[in-house]
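Here is the structure we will look at.
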Amino acid sequence: MFNEGKADLGTVADIGGLHLDVPMSTPRLKLWEGATDDAIVVVLGFCGTRFDATNDLMCDIKSQIARPHINILDERVPTLGKVGAGWQEWWQSEAQLPRAEGAVMKDVLTHYSTLAQDSGKALSMSLTGHSLGAAAAAVAGFDIAHFLRAAGVCGKVRVYSFNPPRLGQSGTGELYMNSLRSTYSELRFTLRQFTRTLDPVQSTPLFMHHLHWDHGRAAADKRAASVSGDRFAQFVTITDQAASTRNLADNHELTLWRNYFLSMIDQAELQRIFSPVEVPAGVASRRTADGDW
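Take 1 as the starting number for the sequence shown in full-length UniProt numbering and just add one per residue.
Put into structure tokens, the structure is as follows:
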């Protein structure tokens with residue numbers, strides 16, 4: 001799994017109008033913030049396994065066992081059944097970790113929600129992670145989306161999951177998708193998974209299942225894509241061809257996706273990934289400028 005190197009966070013430059021909020025970031029969860037004319041923008045970056053961090057390695061091991069999911073932000077909102085214990089532990093430990101002025105993740109989300117509402121803007125929140133970070137981001141995205149919906153927040157939550165391991169027991173995927181789709185809300189949700197043929201990590205944990213993805217069927221294809229959803233929630237899974245048939249671990253490298261997006265993907269496929277669901281008649285005005293809900 002991807003091991004992110006250590007760096008002086010204070011030296012990280014702004015990217016695309018986003019600023020790294022160092023006091024609100026931790027070694028394995030980075031928070032970026034920004035704003036446009038229409039939205040308050042927040043990006044949460046979930047680190048993959050750090051091989052020098054015992055707690056990360058233990059999360060990988062513990063996720064071989066499924067435990068009942070609990071939404072750490074609000075226990076009254078929907079849950080997922082049983083998910084890998086380590087994935088949930090990773091996210092919950094970060095959500096409860098005090099940051100600047102003792103703020104925990106619930107406080108952070110409330111702050112940005114209030115900021116968006118007071119300024120008359122939407123809240124645009126993106127979560128991205130690789131490997132262990134992808135699994136944790138998927139759980140966090142579910143929790144955050146339901147928490148913000150319960151608070152009446154207008155905007156969108158998007159999860160970008162790269163080379164994710166399996167998330168939970170049979171039925172988890174259906175619970176995940178069904179609870180987020182077909183329910184009227186001003187907060188839209190999107191899960192985009194980027195997977196690779198012959199990636200061994202994607203076959204673990206044993207006896208568990210992926211979200212919105214038939215891993216066995218996709219493994220036989222060099223390239224594949226599946227899309228489902230409605231106005232309120234979209235689920236997109238892209239499977240790219242193997243980078244190596246000899247050293248299977250190479251297929252788990254995050255850096256392979258850079259070449260995919262910069263040179264291998266065509267405009268039509270990019271459109272399917274980032275604008276996959278046809279807009280129903282009469283609601284086109286609700287679509288955002290970037291083509292996403």
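In this text, a Cβ means the ideal position worked out from N, Cα and C, and glycines have one as well.
Just so you know, these numbers come straight off a predicted model, no measurement behind them.
Exposed or buried, residue i, counting other C-beta atoms within 10 Å across all chains shown (16 or more means buried)?
i	result
Asp14	exposed
Gly16	exposed
residue 294	Outside the displayed span of the chain (1 to 293) sits residue 294, for which this structure offers no information.
Arg107	The question names Arg, yet the displayed sequence has Asp at residue 107. Label assigned to Asp107: exposed.
Asn163	buried
Leu109	buried
Lys6	Because Lys6 carries a pLDDT of 44, less than 50, the predicted location of this residue cannot be relied on, and the following value inherits that uncertainty. It counts as exposed.
Glu246	One detail in the question is off: residue 246 reads as Arg in this sequence, not Glu. Its Cβ having fewer than 16 others within 10 Å, Arg246 is exposed.
Pro165	buried
Asn251	buried
Met264	exposed
I'd like to know whether the C-beta atoms of residue i and residue j end up nearer to each other than 8 Å.
i	j	result
Ser119	Val201	no
Gly229	Gly168	no
Arg188	Lys156	yes
Ser185	Phe232	yes
Leu123	Ile40	yes
Asp240	Arg192	no
residue 301	Leu18	Only positions 1 to 293 of the chain appear in the structure, and residue 301 is not among them; the question remains open.
Gly48	Gly133	yes
Ser63	Trp87	yes
With residue i and residue j assumed to form a contact (beta carbons below 8 Å), what rounded beta-carbon distance in angstroms separates them?
i	j	result
Trp32	Val22	About 11 Å separates the two Cβ atoms, so there is no contact after all.
Leu248	Leu206	Not confirmed; about 16 Å, so no contact.
Leu80	Phe142	6 Å
Val139	Ser113	Actually they do not touch by this definition, with Cβ atoms about 20 Å apart.
Please work out which residues of its chain come closer than 6 Å, Cβ to Cβ, to residue i, disregarding the five sequence neighbours upstream and downstream, and give them in chain order.
i	result
Val283	Its pLDDT being 34, under 50, Val283 is placed unreliably in this model, and the value from its coordinates should be taken loosely. Correct list: empty, nothing qualifies.
Met58	none
Arg158	Ser126, Thr190
Can you list, in chain order, the residues of its chain whose CB lies under 7 Å from that of residue i, leaving out five sequence neighbours each side?
i	result
Gly171	Gly81
Ser244	Asp250, Asn251
Beta-carbon within less than 8 Å of residue i's beta-carbon, same chain only, minus the 5 sequence neighbours each way: which residues are those?
i	result
Arg258	none
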